[in-house]
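Okay, structure first, notes after.
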Amino acid sequence: MIIVFGSINIDLVTRVDALPKPGETVAAPGYAVVPGGKGANQALAARRAGAGVVLAGAVGRDGFADLALDMLAADGVDLTRIVRADTPTGAAFITVDAEGQNQIVVGSGANAFARAASLDGLATKPGDILLLQWEVPEAEICAAARWAKALGLRVMLNRAPAGPVTPELMAMTDIVVVNEHEVMALAEGHGVDGADPEAVASGLSARYGNAVFVTLGAEGAMGWADGIRHAAPALPVEVIDTTAAGDTFCGAFAAALDRRRGYETAIEFASAAGSLACTIFGAQPSIPTLATIEPAAAILADGRNPDHRRTPP
Ligand code: RIB
20 MIIVFGSINI DLVTRVDALP KPGETVAAPG YAVVPGGKGA NQALAARRAG AGVVLAGAVG
80 RDGFADLALD MLAADGVDLT RIVRADTPTG AAFITVDAEG QNQIVVGSGA NAFARAASLD
140 GLATKPGDIL LLQWEVPEAE ICAAARWAKA LGLRVMLNRA PAGPVTPELM AMTDIVVVNE
200 HEVMALAEGH GVDGADPEAV ASGLSARYGN AVFVTLGAEG AMGWADGIRH AAPALPVEVI
260 DTTAAGDTFC GAFAAALDRR RGYETAIEFA SAAGSLACTI FGAQPSIPTL ATIEPAAAIL
320 ADGRNPDHRR TPP
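Per the working numbering, numbering through the sequence shown is continuous, rising by one, with the last residue being 332.
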């Protein structure tokens, strides 16, 4: 089982040719209202990748709350640990350019009221995974990690948006997943040298004895665990919108590890899922299912090991 403690948002998304510069107003033909939030996206990605998933967090008592939870409910994510706060549901204001790159501002809203205590009494088993990101209060993230460690769960940390992580939390974390910018920000204060994401990931993994994986956009992903390097390319896809590609990687990676796949297989599975998420507009609508991820991951596996290439029937 995967337990996600994190944000739940409504995304208000506009498409433009080029992202606005400071002080500039850009007209867009319209906008879409889409369910999102890093926590919710990762929960849905893990669920669609085949895992049993519980999502804990907070929404408001407004109309956005139901919209934000609809897709999660339809896909069978357990929403019983979500609380209602007397403040608007979180919202993200997203602009996507012609290349599919985005700019995001998040209004926390109800996410500020997410509490680790909402996990109390949840039936878990050792080895289950707690998946954390950074759009809910940091003190609650740390409390959730302590709760998980006390129960023998694995803690997976996606330090997004970018910023530091305390040595205490790093020591409680079994698996870190970040992008190439986030890993550099995370490394500050940990006494790890390295001029590039590869060296920093290796240094952090060695220092804390955990697994550190870095997503690299079109270059795929790489990471270090137990002194061994793992890597997978991205699928060559037509990029429509990169929103939630990182979340999809995290959720799919967690789902593969929950099925006790090794890192070599899990990183290919997650990279395939993240690539597929770039081909459809919007956060949660773009998250692929197991049925589409598996054949895509097989393409990456074929490229890794020529001996495993499938022959035509
Ligand atoms: O990672 C993408 C997500 O970031 C969006 O869905 C938005 O809600 C923000 O949380």
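Glycine included, each C-beta is placed from N, C-alpha and C at the ideal position.
This one's a predicted model, so the numbers in the text were calculated from it and none came from an experiment.
Between the ligand RIB and the CB of Val125, the shortest heavy atom gap is smaller than 8 Å. Within the same chain, and ignoring the five residues on either side of Ile123 in sequence, the residues whose Cβ sits closer than 6 Å to its Cβ are Ala111, Ile113.
Per the C-alpha coordinates, the member of Glu154, Ala142, Ala251 positioned closest to Asn60 is Glu154. A distance below 6 Å between beta-carbons, with the five flanking residues on each side excluded, links Gly69 to the following residues of its chain, in chain order: Ala274, Leu309. If you keep only unbroken beta strand (DSSP E) runs of at least 3 residues inside the stretch 151-234, you get 173-176, 194-198, 230-234. Between Leu63 and Ile312 the beta-carbon gap is near 13 Å, outside 8 Å, which marks them as no contact.
In this model, Ala251 and Ala218 are separated by some 17 Å (Cα to Cα).
Here Leu86 is not near Leu98, since their CB atoms are 9 Å or more apart. DSSP lists Thr114 as the bridge partner or partners of Gln122.
With contact defined as three or more Cβ pairs closer than 8 Å, the stretch 262-277 and the stretch 230-243 are in contact. The ligand RIB never approaches Ala310 closely enough for any of its heavy atoms to be under 8 Å from the residue's Cβ.
Counting of Cβ neighbours within 10 angstroms places Thr262 among the buried residues, the total reaching 16 or more.
Rounded to whole angstroms, the gap between the alpha carbons of Gly140 and Pro186 is 27 Å.
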